[in-house]
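Counting from 1 along the sequence shown, just add 71 to a position and that's the residue number in this note's numbering.
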Amino acid sequence: MEMMSKYQSQYLRKVRRNRQIVTLIRIVILIAFVGLWEWTAKEGVIDSFVFSSPSKIVICFVDMVKDKTIYGHIGVTLYETVASFLLVTVIGILCAVMLWIWPKVSEVCDPYLVVLNSLPKSALAPLLIVWLGANMTTIIVSGVSIAIFGSILNLHTSFNGTSQDKIKLIYTLGGKRYHALTKVVLPGSIPSIISNMKVNIGLCLVGVIIGEFIGARKGLGYLIIYSSQVFKLDWLLMSIVILCIIAMLLYNLIAAIEKWCLKRY
Numbered sequence: 072m073e074m075m076s077k078y079q080s081q082y083l084r085k086v087r088r089n090r091q092i093v094t095l096i097r098i099v100i101l102i103a104f105v106g107l108w109e110w111t112a113k114e115g116v117i118d119s120f121v122f123s124s125p126s127k128i129v130i131c132f133v134d135m136v137k138d139k140t141i142y143g144h145i146g147v148t149l150y151e152t153v154a155s156f157l158l159v160t161v162i163g164i165l166c167a168v169m170l171w172i173w174p175k176v177s178e179v180c181d182p183y184l185v186v187l188n189s190l191p192k193s194a195l196a197p198l199l200i201v202w203l204g205a206n207m208t209t210i211i212v213s214g215v216s217i218a219i220f221g222s223i224l225n226l227h228t229s230f231n232g233t234s235q236d237k238i239k240l241i242y243t244l245g246g247k248r249y250h251a252l253t254k255v256v257l258p259g260s261i262p263s264i265i266s267n268m269k270v271n272i273g274l275c276l277v278g279v280i281i282g283e284f285i286g287a288r289k290g291l292g293y294l295i296i297y298s299s300q301v302f303k304l305d306w307l308l309m310s311i312v313i314l315c316i317i318a319m320l321l322y323n324l325i326a327a328i329e330k331w332c333l334k335r336y
């Protein structure tokens, strides 16, 4: 036991050290990139009007924080992204459950889902604007349309991959298909559901930004389009940086939920 404990502690130290090294390398790369960007902009190696610089982006952000205009844009984009993400999660799980419960429906719908999933979703945004109008609901629908079909297909595939022996055991003990779903399929698919959510949060953000490009009057997507039209490229690059930070935070939030679920289940 002492030897096992010794080897285990060595392994844990090695894993911790490796994680620290990876984190350090990431920080060094980020600092080097930002420093190189700032230096090349100041020295005139790159055109600071076109490529801006980290210092200009920070100044631009501070100015927009002072006049409180940035809060509205970030808040709108976050709201639309979270709303579309929740809709995709709920609708995706419900549709995948229905397809698993009724295999005949799955056989009929499968080719349609594949075709819809392969459509270029950015091409749907102008149609959605025409059909539904230029409003927040349309942008949320745009975010949903990007992720929903792939989500249904992936979840349905995960449900079908559940161990058939466990399902047969449920039936042997007198259970119904409902019991197999709630006792085996859904609990066994939690890792797949969480992984699907990690992908969907990014896709929903992309869909929302596409919608804001076309039919919004507020939001980071609107700010990007507006700043490009009036050549305020500091605003444009600041919006892109904020989007990167939002995407990272949302992904890490889902990852934290994943760790909690895996510990619990």
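Heads up, the beta-carbon is just placed ideally off N, CA and C, and yes, glycines get one too.
This one's a predicted model, so the numbers in the text were calculated from it and none came from an experiment.
Check: With three or more beta-carbon pairs closer than 8 Å as the criterion, would you say the stretch 153-173 touches the stretch 268-278?; Outcome: yes
Check: Express the C-alpha separation of residue 94 and residue 88 in angstroms, rounding to a whole number.; Outcome: 10 Å
Check: Only counting the same chain, and skipping five residues up and downstream in sequence, which positions put a Cβ closer than 6 Å to that of residue 73?; Outcome: Because the pLDDT of residue 73 is 48, which lies under 50, any placement of that residue in the model is unreliable, and the number read from its coordinates should be weighed accordingly. Here the set comprises nothing.
Check: Does DSSP put residue 288 in a helix, a strand or coil?; Outcome: coil
Check: Distance, Cα to Cα, residue 192 vs residue 216?; Outcome: 7 Å
Check: By the 10 Å Cβ neighbour count, where 16 or more other Cβ atoms means buried, how is residue 176 classified, buried or exposed?; Outcome: exposed
Check: For residue 323, is the classification buried or exposed, using 16 other Cβ atoms within 10 angstroms of its Cβ as the cut-off for buried?; Outcome: exposed
Check: Since I believe residue 123 is in contact with residue 294 (beta carbons under 8 Å), could you give me their beta-carbon distance rounded to a whole number of angstroms?; Outcome: Rounded, the Cβ-Cβ distance is 14 Å, inconsistent with contact.
Check: Taking 9 Å as the threshold (C-beta atoms), are residue 292 and residue 209 in contact?; Outcome: no
Check: Flag this pair as touching only if the stretch 217-236 and the stretch 161-171 have three or more C-beta atom pairs under 8 Å; answer yes or no.; Outcome: yes
Check: Quick check: the Cα distance between residue 261 and residue 331, rounded to an integer number of angstroms?; Outcome: 11 Å
Check: Which residues mark the beginning and the end of the alpha helix (DSSP H) in which residue 157 is found?; Outcome: 140-172
Check: If you reduce the DSSP assignment to three classes, tell me which class residue 247 lands in.; Outcome: coil
Check: Please report how far the alpha carbon of residue 104 lies from the alpha carbon of residue 320, in whole angstroms.; Outcome: 20 Å
Check: Measure the beta-carbon distance from residue 252 to residue 172 and round it to whole angstroms, keeping in mind my assumption that it falls under 8 Å.; Outcome: 7 Å
Check: For residue 86 and residue 97, what's the separation of their Cα atoms in angstroms?; Outcome: 17 Å
Check: Looking at C-alpha atoms only, which residue of 112, 78 and 314 is the closest neighbour of residue 127?; Outcome: 112
Check: Provide the residue span of the alpha helix (DSSP H) that contains residue 231, from first to last.; Outcome: 207-231
Check: Taking 7 Å as the limit between beta carbons, can you name the residues of its chain near residue 305, skipping five residues before and five after?; Outcome: 123, 127, 128 and 131
Check: Buried or exposed: where does residue 326 fall if 16 or more other Cβ atoms within 10 Å of its Cβ makes it buried?; Outcome: exposed
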